[in-house]
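Inspection log for the structure reproduced underneath, given as structure tokens.
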Amino acid sequence: MTDHRLLRWLRPWVFPAALVGVFEWYARRASALGSDALAPPSAAARAFVGAAMDGSLWQATGFTLGTAALGLLLGALLGIALGVVLGLSRRAAQLGSMSIEVLRPVPSVALIPLAMLGFGFGVRMELAIVAFATFWPLLVLVQSAVQQVEPRLLEVSRVLGLSARERAFKIVLPAIVPRLFVALRLGVAVALVVAVTVEIAANPNGMGYAMMIAQQSFDPALMLAWLGWIGVVGFAVNAVMLQLQRMVSRRMGVQP
Amino acid sequence: MKRGDERAAMNRLGSLGVLLALIALWWVASNAGWVSRVFLPTPQATFASLLEGLNLTGDSGNGELLAFTQATVGRMVEGWLLASLFGVLLGAAIGVSPSVRAWVQPTLEFIRPLPASALLPLAISIFGLNPGMVLFVVAFGAMWPVLLATVHGFAAVEPRLSEVARCLQMSRTAYIFKMGLPNAMPDILAGMRLALTIALIVAVVGEMIASQTGLGQAILLAARAFRASELFAGIVLLGLIGFASNALLAFAEKRLLRWQQPD
Numbered sequence: 491m492t493d494h495r496l497l498r499w500l501r502p503w504v505f506p507a508a509l510v511g512v513f514e515w516y517a518r519r520a521s522a523l524g525s526d527a528l529a530p531p532s533a534a535a536r537a538f539v540g541a542a543m544d545g546s547l548w549q550a551t552g553f554t555l556g557t558a559a560l561g562l563l564l565g566a567l568l569g570i571a572l573g574v575v576l577g578l579s580r581r582a583a584q585l586g587s588m589s590i591e592v593l594r595p596v597p598s599v600a601l602i603p604l605a606m607l608g609f610g611f612g613v614r615m616e617l618a619i620v621a622f623a624t625f626w627p628l629l630v631l632v633q634s635a636v637q638q639v640e641p642r643l644l645e646v647s648r649v650l651g652l653s654a655r656e657r658a659f660k661i662v663l664p665a666i667v668p669r670l671f672v673a674l675r676l677g678v679a680v681a682l683v684v685a686v687t688v689e690i691a692a693n694p695n696g697m698g699y700a701m702m703i704a705q706q707s708f709d710p711a712l713m714l715a716w717l718g719w720i721g722v723v724g725f726a727v728n729a730v731m732l733q734l735q736r737m738v739s740r741r742m743g744v745q746p
Numbered sequence: 100m101k102r103g104d105e106r107a108a109m110n111r112l113g114s115l116g117v118l119l120a121l122i123a124l125w126w127v128a129s130n131a132g133w134v135s136r137v138f139l140p141t142p143q144a145t146f147a148s149l150l151e152g153l154n155l156t157g158d159s160g161n162g163e164l165l166a167f168t169q170a171t172v173g174r175m176v177e178g179w180l181l182a183s184l185f186g187v188l189l190g191a192a193i194g195v196s197p198s199v200r201a202w203v204q205p206t207l208e209f210i211r212p213l214p215a216s217a218l219l220p221l222a223i224s225i226f227g228l229n230p231g232m233v234l235f236v237v238a239f240g241a242m243w244p245v246l247l248a249t250v251h252g253f254a255a256v257e258p259r260l261s262e263v264a265r266c267l268q269m270s271r272t273a274y275i276f277k278m279g280l281p282n283a284m285p286d287i288l289a290g291m292r293l294a295l296t297i298a299l300i301v302a303v304v305g306e307m308i309a310s311q312t313g314l315g316q317a318i319l320l321a322a323r324a325f326r327a328s329e330l331f332a333g334i335v336l337l338g339l340i341g342f343a344s345n346a347l348l349a350f351a352e353k354r355l356l357r358w359q360q361p362d
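Chain order of the listed sequences is A and B. Residues 491 to 746 in the numbering used here are what the first sequence spells out, letter by letter. Residues 100 to 362 in the numbering used here are what the second sequence spells out, letter by letter.
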């Protein structure tokens with residue numbers, strides 16, 4: 491019985507441990523043959539501890555997470571606002587549909603050079619691109635959530651003579667909260683991916699840039715440490731959002 | 100019926116009007132100098148750059164953008180095809196056996212949120228700066244949605260169907276082709292659509308970082324040289340690529356999944 495539980499607890503770790511082991515062996519053999527392109531995971535772990543001790547790890551992580559969060563806030567506010575409008579009014583949705591179809595497929599990374607031109611390097615360019623990238627999924631998901639609001643609730647609001655603003659804040663927004671959190675979870679994942687991508691491609695700040703600079707200065711151990719850390723941060727943020735989303739839907743009485 | 104058609108046509112016209120109004124706003128904003136032309140070129144300048152770059156003006160065009168577009172689209176499609184192939188193969192291999200799933204899936208879930216572009220530095224240090232490296236990262240990054248969707252599709256096979264397969268003593272290959280893959284098809288197609296978007300993004304980022312010929316490098320160089328109209332022409336082309344590829348796949352999805360819809 492206890493054996494079984496131990497197995498279940500250990501099972502997820504076996505495959506990654508095997509991968510790391512193979513990589514360790516391969517990287518050691520490669521560096522013994524004189525290659526400095528790769529480092530074994532043990533060296534990466536040492537580099538990770540070093541970065542954590544001198545504070546560069548936390549500074550870069552804070553920059554990326556903070557910028558991603560602010561950009562998401564901006565993109566989500568705009569996306570939710572427009573999504574509610576387009577969800578409530580069929581006519582507005584139809585009028586806007588072609589513009590949305592044309593603008594939405596523009597890949598967010600295509601705006602990196604434009605943001606560079608307009609804002610220079612730093613927080614603002616990354617904010618703009620994250621906001622653009624998160625705006626579209628939130629707009630689409632919120633619009634469809636609003637369209638699925640129980641029609642009787644809207645009838646009630648009409649009977650009560652609520653103004654458009656009151657209808658949005660008292661009826662529609664509370665009704666879409668569970669779906670809104672599903673959309674926000676997707677938005678968080680997009681925001682983090684886009685933030686790291688912008689840093690790798692252009693912006694000299696944050697985790698993506700730290701990894702890029704480690705590669706360019708031939709420090710493969712540090713580069714692998716950053717890669718692993720970016721994976722851990724992404725996993726942790728997504729796990730927290732999933733918990734939050736489940737908690738919200740449970741409190742709102744929706745079966746997940 | 101007829102009135103419905105008329106109304107739909109009116110709606111199309113109306114939404115086209117909104118789009119034209121947005122372009123008109125762009126025209127006014129750039130021509131009246133509300134926004135500096137260094138950042139926002141006029142629509143006509145963008146259009147002229149587009150025509151020249153695509154060699155549509157006759158003899159004066161240099162045709163550069165056409166070559167860049169071909170390079171980017173080629174990279175995206177090749178990477179996407181590789182991603183789809185390996186994603187389905189690996190996904191079927193993992194998904195078909197519940198015990199393999201139990202051992203491997205937690206690792207897959209861990210890698211899922213990792214940005215594909217974060218693999219670029221690693222790939223550069225292993226393969227160097229060459230087109231193959233970018234193609235590898237495009238394929239690897241785009242493979243995840245297909246792989247995870249395939250695993251999910253296989254895991255979600257109705258248990259009774261699996262029982263039927265056991266009763267009929269189907270071989271594992273027969274099970275994969277007759278039950279698993281048809282059942283996973285909607286998931287796989289949805290994953291492939293997401294994969295195409297990722298392939299385009301990673302191809303552009305890869306071209307920017309690794310200086311490979313393509314639209315990604317072209318728009319970065321245009322921005323560095325403050326040639327805003329060429330930058331916008333590149334962005335317009337990338338938008339068109341995204342739009343066309345998405346529309347094609349949505350159409351293919353509809354055709355391929357016709358058997359699901361009751362008539």
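No residue lacks a Cβ here, since even glycine has one placed at the ideal position from N, Cα and C.
(message) Under 9 Å, Cβ to Cβ, is there at least one residue of chain A near P244/B?
(response) no
(request) Indicate whether L576/A and L629/A have their beta-carbon atoms separated by less than 9 Å. (result) yes
(request) Compare the Cα-Cα distances from L246/B to each of I223/B, L339/B, F325/B and R292/B and report the closest residue. (result) R292/B
(request) Return helix, strand or coil for R498/A, following the three-state DSSP convention. (result) helix
(message) Below 8 Å on C-beta distance, what does V747/A contact in chain B?
(response) Because chain A in this structure spans residues 491 to 746, residue 747/A falls outside the shown range and cannot be described.
(request) Kindly say whether Q747/A, judged by its beta-carbon, lies nearer than 9 Å to any beta-carbon of chain B. (result) As shown, chain A starts at 491 and ends at 746. That puts residue 747/A outside it, with no answer to give.
(message) For R326/B, count the other beta carbons within 10 Å of its own beta carbon; 16 or more makes it buried, fewer makes it exposed. Which is it?
(response) buried
(request) Use the C-beta contact count for Y699/A: other C-beta atoms within 10 angstroms, 16 or more gives buried, fewer gives exposed. (result) buried
(message) Looking at the secondary structure, which residues open and close the alpha helix (DSSP H) in which F209/B lies?
(response) P197 to I210
(request) Determine, using beta carbons only, whether I590/A and V684/A come nearer to each other than 9 Å. (result) no
(request) Mark F331/B as exposed unless 16 or more other C-beta atoms lie within 10 angstroms of its C-beta, in which case mark it buried. (result) buried
(request) Could you say which of F167/B, L319/B and D286/B lies nearest to M307/B if we only look at CA atoms? (result) L319/B
(message) If you follow the alpha helix (DSSP H) that W133/B is in, where does it begin and where does it stop?
(response) Per DSSP, W133/B belongs to no alpha helix (DSSP H) and is neither H nor E.
(request) Decide if N130/B is buried, meaning its Cβ has at least 16 other Cβ atoms within 10 Å, or exposed. (result) exposed
(request) Hey, could you find the ends of the alpha helix (DSSP H) K277/B is sitting in? (result) Element bounds for K277/B: n/a, residue is neither H nor E.
(request) Measure the alpha-carbon distance for L213/B versus V649/A and round it to whole angstroms. (result) 49 Å
(request) Taking only beta-carbon positions, decide if L501/A is within less than 9 Å of chain B. (result) One detail in the question is off: residue 501/A reads as Arg in this sequence, not Leu. Closer than 9 Å: yes.
(request) Using a cut-off of 9 Å between C-beta atoms, extract the partners of I225/B located in chain A. (result) A527 and L528
(message) Which same chain residues end up closer than 6 Å to L288/B when comparing Cβ atoms and leaving out the 5 residues on each side of it in sequence?
(response) E352
(request) Drop a sphere of 10 angstroms on the beta-carbon of N693/A, count the other beta-carbons inside from all chains shown, and report buried for 16 or more, exposed for fewer. (result) buried
(message) Let me see if you follow: with CB-CB separation under 9 Å, is N728/A close to chain B or not?
(response) yes
(request) Determine whether the Cβ of Q633/A lies closer than 9 Å to any Cβ atom of chain B. (result) no
(message) Taking the alpha carbon of L714/A as the reference point, which residue from K660/A, V539/A, W499/A and R519/A has its own alpha carbon closest?
(response) V539/A
(message) Within 9 Å of any Cβ in chain A, is that where the Cβ of P205/B sits?
(response) yes
(message) If the criterion is Cβ atoms closer than 9 Å, does the pair V723/A and V662/A meet it?
(response) no
(message) Here's the rule: buried if 16 or more other CB atoms are within 10 angstroms of the residue's CB, otherwise exposed. What is D104/B?
(response) exposed
(message) Using C-beta distances below 6 Å, list every residue in its chain close to A317/B, excluding the 5 sequence neighbours before and after it, in chain order.
(response) F167 and G333
(message) I'd like to know if the region 294-307 of chain B and the region 227-236 of chain B are in contact, where contact means that at least 3 CB-CB pairs between them fall below 8 Å.
(response) yes
(message) Any beta carbon of chain B sitting closer than 9 Å to that of V599/A?
(response) yes
(request) Output, in sequence order along the chain, the residues in the region 340-353 of chain B whose CB is closer than 7 Å to any CB in chain A. (result) G341, F342 and N345
(request) Please determine, among L652/A, A658/A, S653/A and W626/A, the residue with the shortest C-alpha to C-alpha distance to Q637/A. (result) A658/A
(request) Could you tell me whether any non-hydrogen atom of the ligand FMN is closer than 8 Å to the CB of V667/A? (result) Only the bare structure without any ligand can be found here, which leaves the ligand FMN out of the picture.
(message) Can you list, in chain order, the residues of its chain with a C-beta nearer than 8 Å to that of G279/B? Leave out the 5 residues immediately preceding and following it.
(response) A191, G194, V195, G252, F253 and V256
(request) Could you tell me if G186/B is buried or exposed, where buried requires 16 or more neighbouring beta carbons within 10 angstroms of its beta carbon? (result) buried
(request) Measure the Cβ-Cβ separation of A241/B and I275/B and say whether it is below 9 Å. (result) no
(request) Have a look at P530/A, F611/A and R594/A and flag the residue whose alpha-carbon is nearest the alpha-carbon of F622/A. (result) R594/A
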